[in-house]
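These notes are about the structure you will find just below.
Residue numbers (the working numbering): 12 to 129.
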């Protein structure tokens, strides 16, 4: 494997482990807030809460980034990054968009990842 690919994979592993450790810390402090901040379902929160460090490390070593950008529409990203006279308003707007997305996700029936991919 070329060195550049090795560095990319190591970076992905590092990001994944950092994300998982942060997620678990947030969950341990406040599950409800963690669910909101991470955009994860209760069942995923429960699963992550119980993982050992070795399991987190194993999960982090995939060759795919396991966290995702929650602003997945160009228009949303554009609106949230454009210049605003009131910076605090952008944070509030982002929070509203994320909570709306989380609410719609939580009200949909949970489906296994294999079915979502098909």
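Just so it is clear, CB atoms sit at the ideal spot from N, CA and C, and this is done for glycine as well.
Inset, instruction - Leaving aside the five residues before and after residue 32 along the sequence, list all residues of the same chain whose C-beta is less than 7 Å from its C-beta, in chain order. - result: Position 21 of the chain shown, counted from the start, is the residue given in the question as residue 32. Correct list, in chain order: 67.
Can you list, in chain order, the residues of its chain with a C-beta nearer than 7 Å to that of residue 30? Leave out the 5 residues immediately preceding and following it.
As a first step, residue 30 must be located in the chain shown, where it is residue number 19. Closer than 7 Å at Cβ, skipping near neighbours: 77, 78.
Practice prompt. Taking the CB atoms as reference points, tell me whether residue 59 and residue 34 lie closer together than 7 Å.
Written response: In the chain shown, counting from the first residue as 1, residue 59 sits at position 48. In the chain shown, counting from the first residue as 1, residue 34 sits at position 23. Against a cut-off of 7 Å, the Cβ pair of residue 34 and residue 59 comes out as a contact.
Q.
Could you compute how far the alpha carbon of residue 125 sits from the alpha carbon of residue 55?
A. Counting from one through the chain shown, the residue named residue 125 turns up at place 114. Counting from one through the chain shown, the residue named residue 55 turns up at place 44. Note that residue 125 has pLDDT 44, beneath the 50 cutoff, so the model's placement of it is unreliable and the number below is only indicative. Spanning the two alpha carbons is a distance of roughly 15 Å.
Report the residue from 48, 93, 57, 53 whose alpha carbon sits nearest the alpha carbon of residue 80.
-> Residue 80 sits at position 69 when you count from the first residue of the chain shown. Of 48, 93, 57, 53, the residue nearest in Cα terms is 48.
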